[in-house]
Amino acid sequence: MDSASQTPIESVGTPSFDASATPPATADTETRLPAQEDASNNQSKPPSTVPPPAAPPPVKIKKKRGPKPKPLELRAVAAKPLKRRERTYSREQKIRVLTFLIQHKVERTEAREIRRRMGSRDSDAVLKTDFSRYRDVTLQETSDFFKIPTSTIASWWNKRDDIMKNSTSTATK
């Protein structure tokens, strides 16, 4: 092994402290304290004998979870959610549709003879008169006529008693 490879790492590139290289100590430097040296050099600062007050212990701050918030300039613009348009109909329109369902008749054909509106009475099937060639209007036909969804008309038909309450008194006024 080489002697160069056995050299300590500290001695390479860093100055080492050698106690024999220091100048001999005199009587003044041995008895003098570092605080006294500062006092003799700096007259404006008196030596302090009182230790500084103890600082309060640091308060632990809980770190918030998740990514840090971005500044406003870097944020993506949030897309607004789609809103379903809520269509409302007046009471008069509901009464018009229900009156159409009750009073309007369509000529009966062979293909449409079996179909009947839910909740309607069987009086059409039982009667054997000249009117037997006519049938009630279906919800789909009413929907096509008034351009109102079938499910809406069906819900009106189920609530027809509540909707038609006092309809005669408002119609006569």
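Positions 1 to 173 (full-length UniProt numbering) are the ones given, in order, by the sequence shown. Glycine is no exception: its CB is placed at the ideal position from the N, C-alpha and C atoms.
{"Query": "In or out: R135 buried (at least 16 other Cβ within 10 Å) or exposed?", "Result": "buried"}
{"Query": "Which residues in the same chain as K105 place their Cβ atom closer than 8 Å to its Cβ, once the five residues preceding and following it in sequence are excluded?", "Result": "F131, Y134, R135, D136 and V137"}
{"Query": "Between the Cα of N166 and the Cα atoms of R75, E92, S155 and P52, which residue gives the shortest distance?", "Result": "E92"}
{"Query": "Helix, strand or coil for E73, going by three-state DSSP, please let me know.", "Result": "helix"}
{"Query": "Where does the unbroken alpha helix (DSSP H) through V97 begin, and where does it stop?", "Result": "R91 to Q103"}
{"Query": "Taking the beta strand (DSSP E) that R135 belongs to, which residues open and close that run?", "Result": "Y134 to D136"}
{"Query": "Return the chain-ordered list of same chain residues with a C-beta closer than 7 Å to the C-beta of R87, the five sequence neighbours on each side being excluded.", "Result": "none"}
{"Query": "Count the CB pairs spanning the stretch 62 to 79 and the stretch 136 to 155 that are closer than 8 Å, and state whether there are at least three.", "Result": "no"}
{"Query": "Return the CA-CA distance between W156 and E107, expressed in angstroms with no decimal places.", "Result": "24 Å"}
{"Query": "Is DSSP giving E86 helix, strand or coil here?", "Result": "coil"}
{"Query": "Would you tell me roughly how many angstroms separate the C-alpha atoms of V97 and F146, rounded to the nearest one?", "Result": "8 Å"}
{"Query": "If F100 sits next to T142, beta carbons under 8 Å apart, how far is it from one beta carbon to the other, in whole angstroms?", "Result": "6 Å"}
{"Query": "Tell me the residue span of the alpha helix (DSSP H) that contains N158.", "Result": "T150 to N158"}
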